[in-house]
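Asker: Provided herewith is a single structure, encoded as structure tokens, for subsequent inquiry.
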Amino acid sequence: MVDKEKVVIFGAGDGGLRVHYLLSDEFEVIAFADNDVSKQGSKFLSKSVVAPNEICKLEFDYVIIANIHGESVYKQLTEELLIEKEKIIDYYMSLKFDTRLALLRQIADEINECGVKGSVAELGVFKGEFSKYINRIFPDRQLYLFDTFSGFDQKDIDNENKGDFSNSIAGEFCNSDVELVLEKMAFKDNCIVKKGYFPETASDVNETFAFVSLDVDLYQPILEGLKFFYPKMSDGGYIIIHDYNSTRFHGVKQAVREYCREHGVKYTPISDLCGSVAIMK
Numbered sequence: 011m012v013d014k015e016k017v018v019i020f021g022a023g024d025g026g027l028r029v030h031y032l033l034s035d036e037f038e039v040i041a042f043a044d045n046d047v048s049k050q051g052s053k054f055l056s057k058s059v060v061a062p063n064e065i066c067k068l069e070f071d072y073v074i075i076a077n078i079h080g081e082s083v084y085k086q087l088t089e090e091l092l093i094e095k096e097k098i099i100d101y102y103m104s105l106k107f108d109t110r111l112a113l114l115r116q117i118a119d120e121i122n123e124c125g126v127k128g129s130v131a132e133l134g135v136f137k138g139e140f141s142k143y144i145n146r147i148f149p150d151r152q153l154y155l156f157d158t159f160s161g162f163d164q165k166d167i168d169n170e171n172k173g174d175f176s177n178s179i180a181g182e183f184c185n186s187d188v189e190l191v192l193e194k195m196a197f198k199d200n201c202i203v204k205k206g207y208f209p210e211t212a213s214d215v216n217e218t219f220a221f222v223s224l225d226v227d228l229y230q231p232i233l234e235g236l237k238f239f240y241p242k243m244s245d246g247g248y249i250i251i252h253d254y255n256s257t258r259f260h261g262v263k264q265a266v267r268e269y270c271r272e273h274g275v276k277y278t279p280i281s282d283l284c285g286s287v288a289i290m291k
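Position one of the sequence shown corresponds to residue 11 (my numbering), numbered consecutively onward.
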């Protein structure tokens, strides 16, 4: 039996979760490390979370940086902890491929090749970074853009608190606006912006849909998104829901499981950052 190479994953959060799923069987995760003191001494994916200065006490082959602040973590590892550069893998720096975007492209090919009719939509646009790809990849379809453009609504935060789903606050993710989003769209004329609280902003929408992205982070908006869009999906249409496996937004998984159990809907996990799931009608 070949000995596995031992790795420490730096980042006990969504990035660490993704790296954990992506590693081949040639590697063994022996621990997670994190600068967040509140995580140190706890367990993450059944492994101990250690303080960075504890890494050198472990027998490891590599440290994998699974943290969006990779540059500062790399400096911390090499300059403060004196870990050899050859033993450090920066996951985000080496990331040249986008799993979620690849999924969107493959879904679009399937939808177009199978002649699935309908518009496309995103609920939870924020700054339009994913919406712009939906717009480009479906250039001949109307794109509905649903967002408050003022961050999380207090009503949804109240539900988060009741369910102990996240530590979100009202107004979070407010630093966006319609103009910023539309500037990123290659086919602006196809875009229909629905600004305000969903599902109130969808009261006049009677479309069928071929593709929908739900990226609203919180329990109630995800549930409302599924209630509104799933019955309106064309046969062969797809919904992808972001943050299903998020280590912060636990209400997403609750909402998806609740709706899908009630309506007999099946879904497939996707190994992108924060763990999306895909539903096919």
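Glycine included, every Cβ here is placed at the ideal spot set by N, Cα and C.
Among residues of its own chain, excluding the 5 on either side of Ser82, which ones have a beta-carbon nearer than 8 Å to its beta-carbon?
Answerer: none
Asker: Using CA coordinates, which residue listed in Glu182, Asp157, Cys66 is at the minimum distance from Thr211?
Answerer: Asp157
Asker: I think Val60 touches Ala41, with their Cβ atoms under 8 Å apart; what is that distance to the nearest whole Å?
Answerer: The pair is a contact, with the Cβ atoms about 5 Å apart (cut-off 8 Å).
Asker: Just the Cα atoms here: how many angstroms apart are Gly134 and Asp13?
Answerer: 45 Å
Asker: Determine the closest residue to Arg151 out of Ser129, Gly138, Lys137, Gly161, with distance taken between C-alpha atoms.
Answerer: Ser129
Asker: Exposed or buried, Glu189, counting other C-beta atoms within 10 Å across all chains shown (16 or more means buried)?
Answerer: With fewer than 16 Cβ atoms within 10 Å of its Cβ, Glu189 is classed as exposed.
Asker: Between the beta-carbon of Tyr240 and the beta-carbon of Val275, is there less than 9 Å?
Answerer: yes
Asker: Taking the alpha carbon of Ala269 as the point to measure from, which residue in Asn255, Ile232, Asp245, Ser244 has its own alpha carbon closest?
Answerer: The sequence as given places Tyr at residue 269; Ala does not occur at that position. Cα-wise, what sits closest to Tyr269 is Ile232.
Asker: Are there three or more Cβ pairs, one per stretch, closer than 8 Å when the segment 135–142 is compared with the segment 193–202?
Answerer: yes
Asker: Around the Cβ of Tyr254, are there at least 16 other Cβ atoms within 10 angstroms (buried) or fewer (exposed)?
Answerer: buried
Asker: With which residues is Pro279 paired in a DSSP beta bridge?
Answerer: Answer is Val287, bridged to Pro279.
Asker: Expressed to the nearest angstrom, what Euclidean distance is found between the alpha-carbon atoms of His260 and Met243?
Answerer: Going from the Cα of His260 to the Cα of Met243 covers about 25 Å.
Asker: Which first and last residues belong to the beta strand (DSSP E) in which Glu132 is found?
Answerer: Secondary structure note for Glu132: its beta strand (DSSP E) is the uninterrupted segment 129–133.
Asker: Smallest Cα separation from Asp24: which of Val17, Phe37, Asp44?
Answerer: Of the candidates Val17, Phe37, Asp44, the one whose C-alpha sits nearest the C-alpha of Asp24 is Asp44.
Asker: On a CA-only basis, which of Asp100, Asn145, Cys124 is nearest Leu111? Give me that one, please.
Answerer: For Leu111, the nearest C-alpha among the options comes from Asn145.
Asker: CB-CB under 7 Å to Leu87, same chain, minus the five flanking residues each way: which ones, in chain order?
Answerer: Val73, Ile93, Ile98
Asker: Considering only C-alpha positions, which residue in the set Lys291, Glu120, Gly21 is nearest to Val47?
Answerer: Gly21
Asker: So Ile78 packs on Val18, CB below 8 Å; how close in whole Å?
Answerer: About 18 Å separates the two Cβ atoms, so there is no contact after all.
Asker: From what residue to what residue does the beta strand (DSSP E) around Asp245 run?
Answerer: 243–251
Asker: Leaving out the 5 sequence neighbours to the left and right, which residues in its chain are closer than 6 Å to Glu182 when beta-carbon positions are compared?
Answerer: Gly161, Phe162
Asker: Between the beta-carbon of Phe219 and the beta-carbon of Gly247, is there less than 9 Å?
Answerer: yes
Asker: On a CA-only basis, which of Asp187, Gln164, Ser186 is nearest Ser178? Give me that one, please.
Answerer: Closest by alpha carbon: Gln164.
Asker: Using a threshold of 9 Å, state whether the C-beta atoms of Leu33 and Val39 are closer than that.
Answerer: It is a contact, given that the beta carbons lie within the stated cut-off.
Asker: Using the beta-carbon count (16 or more within 10 Å), is Glu69 buried or exposed?
Answerer: exposed
Asker: Counting only the same chain and skipping the five closest in sequence on each side, list residues whose C-beta sits under 8 Å from that of Ser292.
Answerer: Outside the shown range of the chain (11 to 291) lies residue 292, about which nothing can therefore be said.
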